[in-house]
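Numbers 1 to 516, taken from the UniProt record's numbering, label the letters of the sequence shown in order.
So the structure is just underneath, and the comments pick up after that.
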Amino acid sequence: MLVVDFGAQYAQLIARRVREANVYSEIVPHTISAAEVAAKNPAGIVLSGGPSSVYETGAPALDPGIVELGVPMLGICYGFQVMAKQLGGEVAKTGQREYGATPVAVSGDGGDLLAGQPATQTTWMSHGDSVVRAPEGFSVLASTASTPVAAFAHDQRKLYGVQWHPEVKHSEFGQRVIENFLHRAAGIPADWNAGNVIAEQVERIRAQIGDGKVICGLSGGVDSAVAAALVHKAVGDQLVCVFVDHGLLRKDERRQVQEDYVKATGVRLVTVDAEQQFLDALVGVSDPEQKRKIIGREFIRTFEQAERELVAEAASEGEPIRFLVQGTLYPDVVESGGGSGTANIKSHHNVGGLPEDLQFELVEPLRTLFKDEVRAIGRELGLPEEIVNRQPFPGPGLGIRIVGEVTKDRLELLRDADAIVREELTAAGLDTEIWQCPVVLLADVRSVGVQGDGRTYGHPIVLRPVSSEDAMTADWTRLPYDVLARISNRITNEVRDVNRVVLDVTSKPPGTIEWE
Ligand code: XMP
Numbered sequence: 001m002l003v004v005d006f007g008a009q010y011a012q013l014i015a016r017r018v019r020e021a022n023v024y025s026e027i028v029p030h031t032i033s034a035a036e037v038a039a040k041n042p043a044g045i046v047l048s049g050g051p052s053s054v055y056e057t058g059a060p061a062l063d064p065g066i067v068e069l070g071v072p073m074l075g076i077c078y079g080f081q082v083m084a085k086q087l088g089g090e091v092a093k094t095g096q097r098e099y100g101a102t103p104v105a106v107s108g109d110g111g112d113l114l115a116g117q118p119a120t121q122t123t124w125m126s127h128g129d130s131v132v133r134a135p136e137g138f139s140v141l142a143s144t145a146s147t148p149v150a151a152f153a154h155d156q157r158k159l160y161g162v163q164w165h166p167e168v169k170h171s172e173f174g175q176r177v178i179e180n181f182l183h184r185a186a187g188i189p190a191d192w193n194a195g196n197v198i199a200e201q202v203e204r205i206r207a208q209i210g211d212g213k214v215i216c217g218l219s220g221g222v223d224s225a226v227a228a229a230l231v232h233k234a235v236g237d238q239l240v241c242v243f244v245d246h247g248l249l250r251k252d253e254r255r256q257v258q259e260d261y262v263k264a265t266g267v268r269l270v271t272v273d274a275e276q277q278f279l280d281a282l283v284g285v286s287d288p289e290q291k292r293k294i295i296g297r298e299f300i301r302t303f304e305q306a307e308r309e310l311v312a313e314a315a316s317e318g319e320p321i322r323f324l325v326q327g328t329l330y331p332d333v334v335e336s337g338g339g340s341g342t343a344n345i346k347s348h349h350n351v352g353g354l355p356e357d358l359q360f361e362l363v364e365p366l367r368t369l370f371k372d373e374v375r376a377i378g379r380e381l382g383l384p385e386e387i388v389n390r391q392p393f394p395g396p397g398l399g400i401r402i403v404g405e406v407t408k409d410r411l412e413l414l415r416d417a418d419a420i421v422r423e424e425l426t427a428a429g430l431d432t433e434i435w436q437c438p439v440v441l442l443a444d445v446r447s448v449g450v451q452g453d454g455r456t457y458g459h460p461i462v463l464r465p466v467s468s469e470d471a472m473t474a475d476w477t478r479l480p481y482d483v484l485a486r487i488s489n490r491i492t493n494e495v496r497d498v499n500r501v502v503l504d505v506t507s508k509p510p511g512t513i514e515w516e
């Protein structure tokens with residue numbers, strides 16, 4: 001399935017919904033030509049919404065040859081209007097805008113597209129222009145109080161369109177519309193799943209790597225863990241993983257990687273013990289940017305050193321390491337304009353900013369996948385839940401969650417508090433509700449408290465639970481009071497030198513997710 005992007009923030013959402021219906025989907029720009037579409041041989045095409053008006057000069061259009069390819073097509077919002085205009089219907093500014101929840105009346109049985117849905121349903125709309133006349137040969141499937149043509153179909157040509165956004169959850173039967181289009185109208189089977197992705201990726205990885213050697217930096221996070229597990233499934237011990245323990249990890253993280261992950265996957269793992277090196281480099285540093293730079297620099301040094309040793313070892317065996325595994329995800333690819341995938345490594349890296357002159361060919365087995373799909377594949381590969389379900393964790397680790405100087409002692413406090421928070425959130429079944437919950441130690445702040453019969457003068461711990469789709473924006477999560485109470489009680493009782501727990505109730509923007 002191809003999702004043609006007309007500049008909406010919805011294209012990614014449409015691609016996800018199509019995949020949720022177990023059909024593989026890819027996003028392509030609206031400038032794609034009919035020949036390029038034909039070369040991809042899609043089973044169906046969805047045209048996304050977009051911010052333009054079809055009448056504006058320079059409004060994004062579609063190569064008219066695409067409709068002539070005979071591929072089943074569903075137009076959504078702006079995509080629906082593009083279809084209407086290009087096929088001879090009429091789109092007009094009626095002055096009747098529709099935004100938000102809008103009731104739609106389905107005509108007759110709704111045809112293939114709206115089959116099995118009630119005569120009226122709530123949809124989510126966002127449009128100023130409307131289709132006022134469907135093109136020749138199309139039947140009108142639905143209307144609203146102010147939009148006479150809210151959905152149409154040409155059954156023989158397998159062309160369909162809806163004015164509303166079926167991809168957003170506020171459209172009551174939205175997913176049904178998408179599934180009806182895919183399965184009933186276009187006849188695409190629902191057979192894309194984690195198992196198929198693994199089989200396909202294993203084949204691709206083998207074709208790319210052959211009998212070459214490959215290296216992977218494991219961060220402990222889900223992306224690199226799943227990417228490495230896939231590559232290992234494909235080429236076994238041709239892969240070596242490097243895990244840098246910089247001493248800024250969360251509790252139990254090193255053991256999980258060294259024991260649970262290795263047991264589940266069988267990967268060859270080299271752990272670099274670099275705690276002292278990082279702590280020494282951070283002595284006397286409180287400035288967040290300086291900390292980030294130091295941690296990044298030390299990370300590169302450590303990784304390069306490990307890499308040199310491994311490369312030398314491999315070369316002495318006559319097999320230099322040519323490939324580097326990266327856990328790049330689909331949103332990164334879409335946002336960067338869909339790179340070719342074999343470029344040399346970028347400076348921004350999910351393991352922590354590796355330098356540009358590392359000359360490897362990249363292996364990126366997750367570059368077609370969304371985060372939740374990566375988790376599903378991790379599960380299918382038998383990775384432990386603690387790794388598959390892991391919250392996003394920044395490369396600089398706990399180093400940027402201590403406001404003030406980073407010391408071994410403070411890291412231990414924070415590690416204990418963080419472990420309690422994660423334990424309680426998991427026990428309360430909240431792992432899927434929150435995006436992540438940074439736990440921050442305000443090491444430079446002290447407040448007065450009372451414990452037992454004595455006065456205390458300890459540090460506050462900040463809880464920063466956030467809900468988010470992509471970490472670009474976030475809202476603070478309304479955690480249940482009893483969970484907050486348990487966390488607060490345990491931290492103040494079990495973590496020495498902490499006598500206060502506070503909750504961060506700031507959205508992003510203006511606050512970032514991390515405190516530093
Ligand atoms: P902010 O704090 O910018 O965080 O709102 C957005 C998301 O990015 C994560 N984060 C990082 N991840 N290296 C990373 O790999 C970093 O230096 C870094 N800084 C922030 C953060 O945890 C959140 O998910």
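All C-beta atoms in this analysis are idealised placements derived from N, C-alpha and C, irrespective of residue type, glycine included.
Treat the numbers as computed from the prediction; the structure is a model and nothing was measured.
* Asked: With 16 as the cutoff for other CB atoms within 10 Å, does GLY236 come out buried or exposed?
  -> Numbered from 1 along the sequence shown, position 236 holds the residue referred to as residue 236. Here GLY236 is exposed, its C-beta having fewer than 16 other C-beta atoms within 10 Å.
* Could you say which of GLU259, CYS216, ASP431 lies nearest to LEU324 if we only look at CA atoms? => Against the sequence shown, residue 324 aligns to sequence position 324. Nearest option by C-alpha distance: CYS216.
* Asked: Going by the C-beta, is GLY378 closer than 8 angstroms to any heavy atom of ligand 1?
  -> As a first step, residue 378 is located in the sequence shown; it is residue number 378 there, counting from the start. Result no, Cβ not under 8 angstroms from ligand 1.
* Span separating the alpha-carbon of GLU385 from that of GLU313 -> The residue you call residue 385 lines up with position 385 of the sequence shown. The residue you call residue 313 lines up with position 313 of the sequence shown. Going by the C-alpha atoms only, they are around 34 angstroms apart.
* For HIS459, which residues does DSSP report across the bridge? -> The residue given as residue 459 occupies position 459 in the sequence shown. DSSP output for HIS459 lists VAL498 as bridge partner(s).
* Which runs of the beta strand (DSSP E) fall wholly inside the segment 200-243 and span at least 3 residues, in chain order? -> For the segment 200-243, the continuous beta strand (DSSP E) assignments of 3+ residues that do not extend past its boundaries occur at 213-218, in sequence order.
* Taking C-alpha atoms, which residue in GLN201, GLY49, ASN41, VAL448 lies nearest to LEU69? -> Position 69 of the sequence shown, counting from 1, holds the residue named residue 69. Between LEU69 and the set GLN201, GLY49, ASN41, VAL448, the nearest pair of CA atoms involves ASN41.
* Asked: Measuring from the CB of THR512, is there a heavy atom of ligand 1 at a distance below 8 angstroms?
  -> On the sequence shown, residue 512 is found 512 positions in, with the first residue counted as 1. Yes.
* So does LYS508 have its beta carbon nearer than 8 angstroms to some heavy atom of ligand 1? -> Against the sequence shown, residue 508 aligns to sequence position 508. Correct: LYS508 has its Cβ closer than 8 angstroms to ligand 1.
* For ARG16, which residues of its own chain have a beta-carbon under 7 angstroms away from its beta-carbon, when the five flanking residues on both sides are left out? -> Indexing the sequence shown from 1 puts residue 16 at position 16. Result list for ARG16: PHE370, in chain order.
* To do: Indicate the three-state DSSP secondary structure (helix, strand or coil) for THR122 in the structure shown.
  => The residue given as residue 122 occupies position 122 in the sequence shown. Looking at THR122 - three-state DSSP - the assignment turns out to be strand.
* Short check: CB of ILE14 to CB of VAL3, under 9 angstroms? -> Sequence index remark: in the sequence shown, residue 14 carries index 14 (1-based). Sequence index remark: in the sequence shown, residue 3 carries index 3 (1-based). A contact, by the Cβ cut-off of 9 angstroms.
* Does the distance from the C-beta atom of ALA92 to that of SER143 stay below 9 angstroms? -> The residue you call residue 92 lines up with position 92 of the sequence shown. The residue you call residue 143 lines up with position 143 of the sequence shown. No, they are not a contact pair.
* Validate contact between the segment 244-251 and the segment 276-295 using beta carbons, cut 8 angstroms, 3 pairs -> In short, these stretches touch, since the Cβ pair count reaches three.
* To do: Just mark ASN499 as buried or exposed, buried being the case when its beta carbon has 16 or more other beta carbons within 10 Å.
  => Taking the first residue of the sequence shown as 1, we reach residue 499 at position 499. By the neighbour-count criterion, in which 16 or more other beta carbons inside 10 Å mark a residue as buried, ASN499 falls on the buried side.
* Asked: Which runs of the beta strand (DSSP E) fall wholly inside the segment 256-293 and span at least 3 residues, in chain order?
  -> If one requires a minimum length of 3 residues, the beta strand (DSSP E) runs lying completely within the segment 256-293 are 268-273, in chain order.
* Is the beta carbon of THR123 sitting closer than 9 angstroms to the one on PRO103? -> Along the sequence shown, one-based indexing puts residue 123 at 123. Along the sequence shown, one-based indexing puts residue 103 at 103. Going by C-beta atoms, THR123 is nearer than 9 angstroms to PRO103.
* Where DSSP assigns a beta bridge to PRO29, which residues make up the other side? -> Numbered from 1 along the sequence shown, position 29 holds the residue referred to as residue 29. In the DSSP output, where bridge partners are listed per residue, PRO29 has ASP5.
* Exposed or buried, which one is VAL351 when buried takes at least 16 other CB atoms within 10 Å? -> Here residue 351 refers to the residue found at position 351 of the sequence shown. Residue placement at VAL351 is poorly supported in this model, since its pLDDT is 44, which falls under 50; the coordinates are not used for a value here.
* Asked: Can you tell me the Cα-Cα spacing of LYS490 and ARG255, whole angstroms?
  -> Mapped onto the sequence shown, residue 490 falls at position 490. Mapped onto the sequence shown, residue 255 falls at position 255. Sequence inspection shows Arg at residue 490; the Lys mentioned does not correspond to that position. In a straight line, the C-alpha of ARG490 is about 24 angstroms away from that of ARG255.
* To do: Verify whether the separation of the beta carbon atoms of ASP504 and VAL462 is less than 9 angstroms.
  => Residue numbering aside, residue 504 sits at position 504 when the sequence shown is read from its first letter. Residue numbering aside, residue 462 sits at position 462 when the sequence shown is read from its first letter. Result yes, Cβ atoms of ASP504 and VAL462 sit closer than 9 angstroms.
* To do: Examine the Cβ distances between the segment 160-177 and the segment 195-202 and report whether three or more of them are shorter than 8 angstroms.
  => Taking 8 angstroms as the limit for Cβ pairs, the verdict is that the segment 195-202 does not touch the segment 160-177.
* To do: With distances taken Cα to Cα, identify the nearest neighbour of ARG410 among LEU381, LEU442, ARG422, ILE420.
  => Locating residue 410 in the sequence shown gives position 410, where the first residue counts as 1. Nearest C-alpha to ARG410: LEU442.
* To do: Below 6 angstroms CB to CB, which residues in the same chain sit around LYS346 once its five sequence neighbours on both sides are set aside?
  => The residue you call residue 346 lines up with position 346 of the sequence shown. The predicted model places LYS346 with a pLDDT of 26, which falls under 50 and marks its position as unreliable; any figure quoted below should be read in that light. Nothing meets the Cβ criterion.
* Taking 9 angstroms as the cut-off, decide whether the C-beta atoms of ASP63 and SER33 are in contact. => Within the sequence shown, numbered from 1, the residue matching residue 63 stands at position 63. Within the sequence shown, numbered from 1, the residue matching residue 33 stands at position 33. Contact check for ASP63 against SER33 passes: the beta carbons are separated by less than 9 angstroms.
* To do: Would you please state the rounded distance, in angstroms, between the beta carbons of VAL439 and ILE513? I believe it to be under 8 angstroms.
  => One-based indexing of the sequence shown puts residue 439 at position 439. One-based indexing of the sequence shown puts residue 513 at position 513. With 8 angstroms as the limit, VAL439 and ILE513 do not qualify as a contact, their Cβ atoms being about 12 angstroms apart.
* To do: Figure out for me which residue from ALA428, THR94, GLN436, GLU405 has the closest Cα to the Cα of ASP444.
  => Looking up residue 444 in the sequence shown gives position 444. Per the Cα distances, GLU405.
* Asked: If you check the beta carbons only, do LEU329 and VAL363 fall under 9 angstroms apart?
  -> Within the sequence shown, the letter at position 329 stands for residue 329. Within the sequence shown, the letter at position 363 stands for residue 363. Cβ atoms of LEU329 and VAL363: not closer than 9 angstroms.
* Does the Cβ of ARG297 lie closer than 8 angstroms to at least one heavy atom of ligand 1? -> Stepping through the sequence shown from its first residue, residue 297 is reached at position 297. Remark: the C-beta of ARG297 is outside contact range of ligand 1, defined as less than 8 angstroms to any heavy atom.
* Compare the beta carbon distance of GLY266 and ILE387 with 9 angstroms and say whether it is the shorter of the two. => Position 266 of the sequence shown holds residue 266. Position 387 of the sequence shown holds residue 387. Their beta carbons are not under 9 angstroms apart, which means GLY266 does not touch ILE387 by this criterion.
* Relative to the alpha-carbon of THR426, which residue among VAL483, PHE181, PRO51, ASP211 has its alpha-carbon at the smallest distance? -> Working through the sequence shown from its first residue, we reach residue 426 at position 426. In terms of CA proximity to THR426, VAL483 leads the group VAL483, PHE181, PRO51, ASP211.
* By DSSP, does LYS251 sit in helix, in strand, or in coil? -> Residue mapping note: residue 251 aligns to position 251 of the sequence shown, counting from 1. Note: LYS251 maps to coil in three-state DSSP.
* Nearest CA to the CA of TRP476: which residue from ARG446, GLY397, PRO509? -> Within the sequence shown, residue 476 is the residue found at index 476, counting from 1. Distance check between TRP476 and each of ARG446, GLY397, PRO509 places PRO509 closest, using alpha-carbon atoms only.
* To do: For the beta strand (DSSP E) holding PHE80, just list the boundary residues, first then last.
  => In the sequence shown, counting from the first residue as 1, residue 80 sits at position 80. PHE80 -> not in any beta strand (DSSP E); alpha helix (DSSP H) instead, spanning 78-86.
* Asked: Quick one: what does DSSP say residue 545 is sitting in, helix, strand or coil?
  -> Only positions 1 to 516 of the chain appear in this structure, which leaves residue 545 out of reach.
* To do: Could you tell me if THR31 is buried or exposed, where buried requires 16 or more neighbouring beta carbons within 10 angstroms of its beta carbon?
  => As a working note, residue 31 is residue 31 in the sequence shown. The residue is exposed, with fewer than 16 neighbouring Cβ atoms inside 10 Å.
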